[in-house]
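With full-length UniProt numbering as the guide, the letters of the sequence shown map in order to residues 1 to 465.
Worksheet for the structure shown next.
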Amino acid sequence: MSTPTPTLNLDSIQGDVLQGLAKKFEIFLFGAITDATKFREQLRDIIPLITTTTQALADAQKIADHKAQGHSNYLKLVGTNIAFSQKGLDALGITDDLGDAIFKQGMLADASAGAQGLGDPGVVTGTSVDPDWDPRFKEEIDFLILITGDSTSTISERLHQIEKILAGSFKVIIQLEGVVRPGAEKGHEHFGFKDCLSQPRVTGFNTPNTGEVPTQPGVIIVGQTGDGVTRPDWAKDGSFLAFRQLKQLVPEFNKFLADNPIPDPGLTPEQGSELLGARLVGRWKSGAPIDRDPTADNPADAADPNKVNDFDYSDDLTAQTRCPFSAHLRKTNPRNGTIPVLQGVQTKRIMRQGMPYGQEVTEEEAQSQTTRHNRGLLFVCYQSNLANGFHFLQKTWANNAGFPIAGTGQDPLIGQNVNNPKTTTGLDPLNVASSLTSPLFVLPQGGEYFFSPSIAALNTTFAAN
Ligand code: HEM
């Protein structure tokens, strides 16, 4: 029996959720509402500026056509999305319960709960942690406006337009700027690895490439097939947005790789360090998956959509000779690589739409092997249920030294347990029982949980009628 393909309302789902907004630059505006009545009225004029999925798809097509015609310059394109925290819903007087306890309590509470929550480092008092966040993230944040574009002037123009419309009803709490890395590093995060190669393929939106397994739309979109929670009608076609500012200590990470090359006599120290990096992540810097290419990089695999995700660890269930259990990729999406095979692994998928921030590593930072400038990832992911999505991945898989089996250790990129250093096994393919201890190379600076409503909900429930 075939399952009917769900119909997704792409004119109502915001553009960043499934497709992603076209972005070379991005502004993240975190605001607090100071006059709710005025804000609701002004929102009427913001709604026409919101990029729908239909528009985001059309923009992506325009870019593809422009490139196919041989142009290398960027097309002038701007995108805008909006999302609200629980405090934002409260401020607007929207009292319906969205049915997500983690969203309701907010990210600060989650980050303050030690091992019961996200495990962010900070000052511990009893069972509570005061996380080492930028203090502005501890203030009330009601909404997040995302503005994307081809240039800083395009996004500034849109920002000024929005500030003018919302004049007198909000104050800026934080504004962050993301930028795609330059030249050959385009599409790579700051540690140097190609990012966003594995995304859920959502039934009714796009089709899986070889090796990819379809994800039910309700895993990402509220109210669609696969979302088992009862919520208010207006929440349909929305999605929960988890935002994290994650600082990356790049020179320190590089020093760690240089100091701990995989001790394979067949490899030079440089090759041993490169292999260690690949085994920490689960992919080579090019993006080639180590489950397919365990001993050497294979840029052809990285470039082929039918190869880049054509693996599931089932050929390496116990040995870890191809990919360590602890690798970031295997921790956050174990595919079929656990004994027993995890049921429902496709319900634990997130759509990642983050953006690097900060400047490139300077000569001085590289030489002193010390970070002087704040850089990292403005992490954004969408899901219909935070307890299955970001919160689950961080707490139950990445931070859990016993996942998938006792003794694995934490995710070497994002695993954390308040202030402890991390110990990880499986990294040396010739001696998988050996362990490596490292400090944290990714430091949370703050964040919040938001809800990205459909355009229909913005009209009926958020804006004044
Ligand atoms: C600064 C922090 C982070 C860095 C440098 C980083 C880096 C990467 C890289 C290089 C990849 C491989 C590209 C790909 O397969 O798409 C990846 C994949 C992934 N990351 Fe992260 N990441 C970070 C934070 C996070 C966080 C906070 C989460 C969730 C809690 C996360 C979840 C994932 C998932 C789900 C995948 C895809 C796994 C798969 O489907 O095989 N990442 N990450």
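Built from N, CA and C at the ideal position, the CB exists for glycine as well.
Every value quoted in this text rests on a predicted model; they were computed, and no experiment measured them.
Counting only runs of at least 4 residues, the segment 96 to 177 fully encloses the following alpha helix (DSSP H) elements, listed from N- to C-terminal order: 101 to 105, 107 to 111, 152 to 165. Residues Trp284, Ser286, Ala288 of the same chain have their beta carbon placed closer than 6 Å to that of Asp297, with the five preceding and five following residues left out of the count. Where Asn309 is concerned, there is no enclosing alpha helix (DSSP H), because DSSP gives it neither an H nor an E. Listed as beta-bridge partners of Val179 by DSSP are Phe25. Taking the Cα of Gly211 as reference, the smallest distance to any Cα among Asn336, Phe191, Ile165, Glu189 is reached at Asn336.
For the pair Met351 and Val180, the CB atoms are not nearer than the 9 Å cut-off. For the pair of segments examined, the segment 431 to 443 was found to touch the segment 230 to 248: the number of CB pairs separated by less than 8 Å reaches three. In this structure, Ser198 places its C-beta atom within 9 Å of the C-beta atom of Asn333.
Of Ile141, Ile50, Ser169, the smallest CA-CA separation from Asp35 is found for Ser169. In this structure Arg375 is buried. Its beta-carbon is surrounded by 16 or more other beta-carbon atoms within 10 angstroms. Along the length of the UniProt domain "Dyp-type peroxidase C-terminal" (282 to 399), whole beta strand (DSSP E) runs at least 3 residues long occupy 355 to 357, 376 to 383, reported in chain order. Looking at Leu29, Asp130, Asp65, the one whose alpha-carbon comes closest to that of Asn419 is Asp130. Taking the Cα of Glu140 as reference, the smallest distance to any Cα among His160, Glu364, Ile155, Leu89 is reached at Leu89. With 16 or more other Cβ atoms from the protein chains shown falling within 10 Å of its own Cβ, Ser112 counts as buried.
Distances from the CA of Ala387 to each of Leu241, Gly122, Asp11 were compared; the closest alpha carbon is that of Leu241. Fully contained in the segment 30 to 94 are the following beta strand (DSSP E) runs of length 3 or more, in chain order: 78 to 84. In the DSSP assignment, Ala258 falls within the unbroken alpha helix (DSSP H) covering 250 to 259. For the options Thr347, Asn260, Gly409, the alpha carbon positioned closest to that of Pro324 is the one of Gly409. With contact defined as three or more Cβ pairs closer than 8 Å, the segment 71 to 87 and the segment 11 to 30 are in contact. Counting only the Cα atoms, Asp97 lies some 44 Å from Ala303. By the neighbour-count definition (other C-beta atoms within 10 Å, threshold 16), Asn465 is an exposed residue.
By the Cβ criterion, the segment 117 to 128 is in contact with the segment 392 to 400, since at least three pairs of Cβ atoms, one from each stretch, lie closer than 8 Å. Ranked by Cα distance from Glu26, the first of Ala60, Asp150, Asp142 is Asp150.
Short note on Glu177: C-beta not closer than 8 Å to any heavy atom of the ligand HEM.
A straight line joining the alpha-carbon of Pro263 with that of Ile50 spans about 53 Å. Assignment of Gln445 by DSSP, reduced to helix, strand and coil, places it in the strand class. For the pair Ser454 and Thr225, the Cα-to-Cα distance works out to about 16 Å.
At a Cβ-Cβ threshold of 9 Å, Gly183 and Leu8 do not count as neighbours. Residues of the same chain with a CB within less than 6 Å of the CB of Thr347, apart from the 5 flanking positions on each side, are Val219, Asn388 in chain order. Between the C-alpha atoms of Val213 and Glu252 there is a straight-line separation of about 36 Å. Here Val341 is exposed, its C-beta having fewer than 16 other C-beta atoms within 10 Å.
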